[in-house]
Amino acid sequence: MTDLQIRKAVVTGAASGIGAAIATQLAEAGAAVALVARRQDRLDDLAGKLGPRTFGVGLDVTSQDSADAGVARIHERLGTVDLVVNAAGVMLAAPIADGRLDDWTRMIDTNLTGVLRLVRAFTPDLIAAAEAGRTADLVNISSIGAHVVFPGYAVYGATKAALTHLSASLRADLSPYDVRVTNLEPGLTDTELATHLDASGQELIASMNEQIGALHAEDIADVVTFTVSRRREVNLRQIIALPTRQA
Numbered sequence: 065m066t067d068l069q070i071r072k073a074v075v076t077g078a079a080s081g082i083g084a085a086i087a088t089q090l091a092e093a094g095a096a097v098a099l100v101a102r103r104q105d106r107l108d109d110l111a112g113k114l115g116p117r118t119f120g121v122g123l124d125v126t127s128q129d130s131a132d133a134g135v136a137r138i139h140e141r142l143g144t145v146d147l148v149v150n151a152a153g154v155m156l157a158a159p160i161a162d163g164r165l166d167d168w169t170r171m172i173d174t175n176l177t178g179v180l181r182l183v184r185a186f187t188p189d190l191i192a193a194a195e196a197g198r199t200a201d202l203v204n205i206s207s208i209g210a211h212v213v214f215p216g217y218a219v220y221g222a223t224k225a226a227l228t229h230l231s232a233s234l235r236a237d238l239s240p241y242d243v244r245v246t247n248l249e250p251g252l253t254d255t256e257l258a259t260h261l262d263a264s265g266q267e268l269i270a271s272m273n274e275q276i277g278a279l280h281a282e283d284i285a286d287v288v289t290f291t292v293s294r295r296r297e298v299n300l301r302q303i304i305a306l307p308t309r310q311a
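Under the working numbering, think of the first position of the sequence shown as 65, with each following residue one higher.
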């Protein structure tokens with residue numbers, strides 16, 4: 065395991081769930097971490113628990129103006145970033161027959177376009193860090209929904225399939241610069257994501273949790289921390305993490 069104390073990280077979706085767990089583990093391993101999400105109060109609370117090398121940046125990945133302002137704050141505090149984790153995401157039950165354009169747009173803007181905004185902002189940092197001999201990582205949190213079909217979640221699955229493919233394409237673009245790209249696809253995980261669903265969706269998730277036994281957000285954070293702590297010549301490019309009974 066390489067030393068994470070010299071790493072400068074950005075973690076989106078850090079207000080709760082997988083993002084918060086990843087940010088926590090990276091900070092506890094010694095990295096300086098920018099906690100990114102919309103809810104500044106939650107970020108400030110978490111940063112207060114994690115120490116002076118962490119700070120919250122209220123940023124809405126669906127807004128270019130918000131992203132630009134947030135990225136400027138991060139650069140002012142951290143300088144050149146060498147680790148970016150895109151963990152912000154939203155899952156909504158939006159059956160095609162219902163034609164919920166607002167829900168579709170929200171998922172596309174958060175799960176795909178939001179990632180692209182952060183990739184655009186920090187790719188120069190990652191390349192510069194690698195050129196300076198530092199380890200540079202881009203980690204995208206996709207979903208097993210990129211491969212497995214769940215009725216009623218066509219658009220969500222499409223956004224995650226697009227993210228998985230984007231990660232592969234980014235790897236082709238960035239690996240010549242020694243920037244590692246990892247795509248991580250969690251299965252059933254007990255997080256706040258399920259609270260975005262309607263009552264029937266929440267009941268379904270609760271039933272699946274009972275029958276299968278969901279992963280914890282900390283399980284995914286373990287995988288990310290392990291991945292980014294390998295020596296810089298090793299890229300764990302594609303990881304699927306599932307509960308044993310879902311595998």
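By construction, the Cβ of each residue, glycine as well, lies at the ideal position given by its N, Cα and C atoms. Keep in mind the model is a prediction, meaning the values are calculated, not measured.
For residue i, which of the options has the nearest alpha-carbon?
i           : options               : result
residue 196 : 296, 217 and 173      : 296
residue 192 : 225, 240 and 170      : 240
residue 221 : 106, 208 and 167      : 208
residue 100 : 94, 238 and 130       : 130
residue 175 : 230, 235, 133 and 236 : 230
residue 143 : 76, 70, 177 and 254   : 70
residue 234 : 225, 223, 246 and 224 : 246
residue 156 : 269, 300 and 302      : 269
residue 194 : 184, 238 and 152      : 238
residue 276 : 251, 303 and 236      : 251
residue 183 : 311, 76 and 303       : 76
residue 311 : 102, 253, 300 and 266 : 253
From residue i to residue j, what distance separates their C-alpha atoms?
i           : j           : result
residue 188 : residue 288 : 22 Å
residue 145 : residue 74  : 7 Å
residue 206 : residue 139 : 26 Å
residue 137 : residue 181 : 15 Å
residue 120 : residue 163 : 36 Å
residue 272 : residue 199 : 38 Å
residue 228 : residue 86  : 19 Å
residue 243 : residue 72  : 14 Å
residue 20  : residue 106 : This structure cannot settle anything about residue 20, because the visible part of the chain is limited to 65 through 311.
residue 248 : residue 203 : 7 Å
residue 125 : residue 135 : 11 Å
residue 307 : residue 210 : 16 Å
residue 178 : residue 98  : 17 Å
residue 278 : residue 133 : 36 Å
residue 303 : residue 102 : 27 Å
residue 141 : residue 78  : 17 Å
residue 88  : residue 150 : 15 Å
residue 309 : residue 267 : 19 Å
Residue i: buried (16+ other C-beta within 10 angstroms of its C-beta) or exposed?
i           : result
residue 113 : exposed
residue 232 : exposed
residue 160 : exposed
residue 115 : exposed
residue 213 : exposed
residue 165 : exposed
residue 201 : buried
residue 215 : exposed
residue 223 : buried
residue 236 : exposed
Below 7 Å CB to CB, which residues in the same chain sit around residue i once its five sequence neighbours on both sides are set aside?
i           : result
residue 186 : 74, 145 and 148
residue 173 : 126
residue 154 : 170, 171, 174, 175 and 260
residue 282 : 85
With a CB to CB cut of under 8 Å and the five nearest residues on each side skipped, what residues in its chain are close to residue i?
i           : result
residue 128 : 181
residue 168 : 158 and 219
residue 68  : 90, 93, 94, 95, 289, 292 and 293
residue 255 : 80, 81, 82 and 281
residue 111 : 99, 118, 119 and 120
residue 66  : 199, 293, 294, 295 and 296
Looking only at its chain, what residues have a beta carbon closer than 6 Å to the beta carbon of residue i, apart from the 5 residues adjacent to it on each side?
i           : result
residue 122 : 104
residue 108 : 120
residue 300 : 246 and 291
residue 226 : 176
Let me check you understand the geometry: is the CB of residue i closer than 6 Å to at least one non-hydrogen atom of the ligand MG?
i           : result
residue 282 : The ligand MG is not among the ligands present in this structure, which contains no ligands whatsoever.
Exercise. Unbroken beta strand (DSSP E) runs of length 3 or more, entirely within the region 143–200: which are they?
Worked result: 147–150
For this session: Go through the region 73–122 residue by residue and report every complete run of the beta strand (DSSP E) that reaches 3 residues or more, in order.
Result: Annotation: the region 73–122 contains the following complete segments of the beta strand (DSSP E) (minimum length 3 residues), in chain order: 96–101 and 118–122.
Exercise. Which parts of the region 205–250 are runs of the alpha helix (DSSP H), unbroken and 4 residues or longer, counting only runs that do not cross its ends?
Worked result: Fully enclosed alpha helix (DSSP H) runs of 4 or longer: 218–238.
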